[in-house]
Amino acid sequence: MAGGAPARPYLSGLNPEQRDAVESLEGPLLVLAGAGTGKTRVLTTRIAHILSTGRAYPSQILAVTFTNKAAREMKERIHSMVGDAVEGMPWLGTFHSIGVRILRRHCELVGLKSGFTILDTDDQIRLLKQLLAAENIDEKRWPARLLAATIDGWKNRGLSPDLVQPGEGATFANGRGQMLYAAYQARLKALNAVDFGDLLLEGIRLFREAPDVLADYHRRFKYLLVDEYQDTNVAQYLWLRLLAQGSRNVCCVGDDDQSIYGWRGAEVDNILRFESDFPGAKVIRLERNYRSTGHILAAASHLIAHNAGRLGKTLFSEGVEGEKVRVTGAWDSGEEARAVGEEIETLQRAGHALSQIAILVRASFQMREFEDRFVTLGMPYRVIGGPRFYERAEIRDALAYLRCVQSASDDLAFERIVNVPKRGIGDATLKQIHDLARAAALPLQEAARTLTESEELKPKVRATLRGLVQSFDRWRVQARQVPHTELAEVVLDESGYTEMWQKDRSAEATGRLENLKELVRSMEPFENLQGFLEHISLVMDADKGAGEDAVQVMTLHSAKGLEFDTVYLPGWEEGLFPHQRALDEQGKAGLEEERRLAYVGLTRARLSARVYFASNRRIHGLWNSTLPSRFLDELPDPHVQVEESKGGFGWGGSSYGARTSGESRFDRTTPFASTYDTPGWQRAQAARTGSGNSSSGGFSERGRPFGRGAGGAPVIEGTLLAASTGPKSAFAMGERVFHLKFGYGQVTDIDGNKLTVLFDKAGEKRVLESFLEKV
1 MAGGAPARPY
11 LSGLNPEQRD
21 AVESLEGPLL
31 VLAGAGTGKT
41 RVLTTRIAHI
51 LSTGRAYPSQ
61 ILAVTFTNKA
71 AREMKERIHS
81 MVGDAVEGMP
91 WLGTFHSIGV
101 RILRRHCELV
111 GLKSGFTILD
121 TDDQIRLLKQ
131 LLAAENIDEK
141 RWPARLLAAT
151 IDGWKNRGLS
161 PDLVQPGEGA
171 TFANGRGQML
181 YAAYQARLKA
191 LNAVDFGDLL
201 LEGIRLFREA
211 PDVLADYHRR
221 FKYLLVDEYQ
231 DTNVAQYLWL
241 RLLAQGSRNV
251 CCVGDDDQSI
261 YGWRGAEVDN
271 ILRFESDFPG
281 AKVIRLERNY
291 RSTGHILAAA
301 SHLIAHNAGR
311 LGKTLFSEGV
321 EGEKVRVTGA
331 WDSGEEARAV
341 GEEIETLQRA
351 GHALSQIAIL
361 VRASFQMREF
371 EDRFVTLGMP
381 YRVIGGPRFY
391 ERAEIRDALA
401 YLRCVQSASD
411 DLAFERIVNV
421 PKRGIGDATL
431 KQIHDLARAA
441 ALPLQEAART
451 LTESEELKPK
461 VRATLRGLVQ
471 SFDRWRVQAR
481 QVPHTELAEV
491 VLDESGYTEM
501 WQKDRSAEAT
511 GRLENLKELV
521 RSMEPFENLQ
531 GFLEHISLVM
541 DADKGAGEDA
551 VQVMTLHSAK
561 GLEFDTVYLP
571 GWEEGLFPHQ
581 RALDEQGKAG
591 LEEERRLAYV
601 GLTRARLSAR
611 VYFASNRRIH
621 GLWNSTLPSR
631 FLDELPDPHV
641 QVEESKGGFG
651 WGGSSYGART
661 SGESRFDRTT
671 PFASTYDTPG
681 WQRAQAARTG
691 SGNSSSGGFS
701 ERGRPFGRGA
711 GGAPVIEGTL
721 LAASTGPKSA
731 FAMGERVFHL
741 KFGYGQVTDI
751 DGNKLTVLFD
761 KAGEKRVLES
771 FLEKV
């Protein structure tokens with residue numbers, strides 16, 4: 001404050017940039033707050049300063065954030081500075097909580113009545129199913145959840161049905177999406193209801209159609225403050241801009257370099273065009289980082305500087321340089337998990353708190369190998385932002401099927417999947433099965449079998465139940481004849497469970513199919529199904545109490561806003577990070593968002609950031625030889641240290657010495673191997689001679705992505721991964737054969753049931769005879 005002004009304790013300790021942001025109260029202000037620069041402190045101190053100096057009453061301040069948790073923390077901080085004055089701030093909350101407050105005051109102006117209902121997701125889906133049925137649209141082909149996501153996308157962009165352009169709904173029900181959206185909105189009005197998206201969409205409509213109401217809010221709000229401005233979508237942007245046209249004392253705090261939610265509607269352009277939206281706006285950059293060491297900040301800043309779509313800032317620290325960002329290659333994803341586990345054990349023995357160690361992955365399927373490794377080591381861990389791998393619904397369902405195959409008396413497993421996928425076996429039928437099971441002291445499967453032999457059930461239900469019981473009988477026979485991994489594929493296929501998720505159009509379906517493939521892959525190290533299920537029981541029973549010191553495992557998206565002493569960043573490979581889907585669907589914009597995600601990952605680390613990449617990774621059930629991520633080449637040489645590879649191999653250009661312009665520090669053309677007699681090399685070599693990535697979501701026999709050969713030897717697309725002995729082959733030397741993948745060829749060598757075949761087009765391959773047909 002100027003000389004003579006009273007001392008204000010809450011201003012003490014602010015650096016010059018932070019204080020400038022707090023005291024610049026007139027006109028529009030954009031605070032570009034880098035990671036760890038004290039963003040929340042600036043925002044809350046600014047509100048405290050407005051109240052303390054009497055610039056506005058508590059009810060004249062609109063402060064908006066994204067989560068209820070952030071709003072509570074903001075309120076607590078302000079209370080610690082100015083006391084009970086914060087209790088008079090009714091307009092401090094999330095976009096939607098404030099939106100519903102405004103809507104309830106003026107509901108009649110948008111065609112609603114007092115006491116309107118806000119539908120939850122289940123009610124919304126049920127209503128959309130009714131509309132689809134009324135229009136004779138097949139809900140299995142065009143799921144209500146997909147329509148809900150489409151409508152939500154339109155609402156996030158501020159589009160009412162009349163603003164949706166012709167053709168925008170072409171992706172749903174042959175172009176009928178817009179019509180269904182209009183019908184849905186009409187039905188909501190008839191029910192005197194809104195959904196979550198309407199809380200802002202109807203507010204935008206209110207402000208546009210009732211200028212006197214908007215003018216009233218202009219007079220009411222003297223100061224507007226917005227947190228995490230880079231995460232706003234179009235609807236939030238429009239809603240805020242309408243309100244900010246009053247006093248123009250709008251302060252937006254955010255970081256364009258941490259905009260990582262484009263996939264759910266966030267528009268980084270909102271923050272990039274702030275100065276054009278609010279002419280004369282002041283921009284203050286908070287670049288003094290209080291979290292990370294110098295090397296980490298320098299590496300992160302150099303990486304993000306490769307993005308063109310940014311306002312620009314460079315983080316720096318006045319603390320120690322610390323250790324350099326470490327980059328380590330691993331032979332495969334299993335070796336990566338083992339290496340990270342060993343490092344964490346070493347850190348734990350040295351007194352490092354496990355709760356200050358985080359593993360941040362790009363895709364949730366990466367978690368499984370780390371979880372298994374921690375269980376083997378007896379190391380506590382906690383998955384943040386979602387269930388552990390074996391606790392996911394689709395994994396529990398798949399395991400329930402396998403448990404029923406293993407044990408016909410596993411009633412809990414049978415009850416879980418008896419109608420999954422839906423077979424028309426409802427609660428009434430299940431009650432009959434339970435009643436008979438109790439009366440005759442039978443397991444549920446046997447009770448179901450008995451019921452199908454009587455006239456107790458309706459013919460259709462009886463036939464369905466009989467078919468399910470017979471399937472379990474058949475699978476038990478197969479369990480004695482085929483490897484347990486192949487059995488799992490057969491069960492998931494023949495039960496219809498995989499097909500259920502293939503037909504599901506929701507955003508989660510692809511991830512669930514990937515998880516099912518990862519489950520089958522996780523079975524390979526075990527001798528049989530019983531051994532695998534016993535392992536899962538140990539995993540599920542492991543003590544992971546909330547108060548336990550445990551390693552934190554989460555996705556990069558879930559990590560935003562958090563910080564840890566040591567951060568592991570595995571999976572920095574092309575196609576995984578940056579993710580191929582982001583590149584395919586969004587091009588340059590997708591690449592820049594992926595790079596921002598890498599920046600977020602690095603800046604979560606206070607003391608140590610450790611990046612890993614693997615040269616072989618199983619994705620969609622198939623081994624792939626992977627290339628190091630381009631982001632590794634964008635890390636600056638002086639701030640990065642390449643560690644010795646894990647798994648006894650090297651890679652080209654492993655020294656971080658001088659490089660010519662455009663030269664990669666990693667060899668991107670050869671397998672990352674120097675030792676050719678390791679099992680890992682054999683596995684990856686087979687993967688390279690097998691197929692590439694598969695986009696299929698299933699485990700069908702014709703398109704088997706992976707399985708096991710005789711004696712349990714793993715194979716990929718019929719390519720043998722490890723030598724084994726077996727029975728004499730039914731094929732003869734020189735015989736012509738056909739392979740589903742490699743085509744026609746001639747047998748050139750026979751080793752039991754393993755054949756070497758010279759294929760007409762694919763060259764020489766070693767395959768199992770079960771994948772061949774005689775010509």
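Counting in our numbering, the final residue of the sequence shown is number 775, and the numbers go up one at a time with none missing. In this text, a Cβ means the ideal position worked out from N, Cα and C, and glycines have one as well. Source: prediction; values computed, not measured.
Listed in chain order, the non-local C-beta contacts of aspartate 397 below 8 Å within the same chain comprise Arg416, Ile417, Val420 and Tyr497, local neighbours out to five positions each way being set aside.
Pairing alanine 134 with threonine 94, the inter-Cα distance amounts to about 36 Å. The residues Ser729, Phe731 and Met733, in chain order, have a CB closer than 7 Å to that of isoleucine 750 in the same chain once the five nearest residues on each side in sequence are set aside. Inter-residue distance for alanine 463 and leucine 442 is about 20 Å (C-alpha atoms, whole angstroms). Just measuring C-alpha positions, the residue of Glu735, Glu455, Thr232 and Leu146 sitting nearest threonine 748 is Glu735. Between alanine 609 and leucine 569, the C-beta gap is smaller than 8 Å, which places the two residues in contact. Within the segment 222-246, the runs of beta strand (DSSP E) that reach at least 3 residues and sit entirely inside it are, in chain order, 223-226.
DSSP places leucine 127 within a helical segment (H, G or I) once states are collapsed to three. Taking 8 Å as the cut-off, the Cβ atoms of serine 506 and proline 58 do not count as close. Collapsing the DSSP output to three states places asparagine 616 in a strand. With fewer than 16 other beta carbons inside 10 angstroms of its own, tyrosine 290 counts as exposed. Sequence-distant Cβ neighbours of alanine 589 in its own chain, meaning closer than 6 Å and more than five residues away, do not exist here. Contact between leucine 451 and isoleucine 433 is confirmed by a C-beta separation of about 6 Å, below the 8 Å threshold. In this chain, the alpha helix (DSSP H) harbouring leucine 214 covers 211-220. Here DSSP, grouped into helix, strand and coil, assigns glycine 743 to strand.
Short of 7 Å from the beta carbon of phenylalanine 532, and not among the five residues preceding or following it, lie these beta carbons of its own chain, in chain order: His484, Met523 and Phe526. Within the segment 85-119, the runs of beta strand (DSSP E) that reach at least 3 residues and sit entirely inside it are, in chain order, 92-94. DSSP places lysine 754 in the uninterrupted beta strand (DSSP E) bounded by 754-759. If you draw a straight line from the Cα of aspartate 633 to the Cα of serine 333, it comes to about 21 Å. Under the three-state reduction of DSSP, tryptophan 154 is assigned to helix. Assignment of leucine 188 by DSSP, reduced to helix, strand and coil, places it in the helix class. For tryptophan 263, no alpha helix (DSSP H) run applies, since DSSP gives it neither H nor E. In the DSSP annotation of this structure, asparagine 419 is not part of any alpha helix (DSSP H), being labelled neither H nor E. For methionine 367, the enclosing alpha helix (DSSP H) covers residues 367-377. By the CB criterion at 8 Å, threonine 45 and leucine 14 fall inside the cutoff. Residue burial annotation: threonine 121 is exposed, with fewer than 16 other C-beta atoms found within 10 angstroms of its C-beta. Note that the C-beta distance between leucine 492 and leucine 513 is not below 8 Å. Going by C-alpha positions, alanine 183 is about 37 Å away from phenylalanine 278. By the Cβ test, the segment 172-183 is not in contact with the segment 94-103, since fewer than three Cβ pairs between them sit closer than 8 Å. Classified as exposed, glutamine 530 has fewer than 16 neighbouring CB atoms from the shown chains inside 10 Å of its CB. In terms of CA proximity to tyrosine 223, Gln245 leads the group Gln245, Arg141 and Glu369.
Inter-residue distance for alanine 353 and serine 12 is about 32 Å (C-alpha atoms, whole angstroms). Within the model, the alpha-carbon separation for histidine 79 versus phenylalanine 274 is close to 30 Å. In terms of CA proximity to serine 247, Leu225 leads the group Leu225, Ser471 and Ser276.
In the DSSP assignment, threonine 452 falls within the alpha helix (DSSP H) that extends over 444-452.
Pairing valine 213 with arginine 382 gives a Cβ-Cβ distance that is not under 8 Å.
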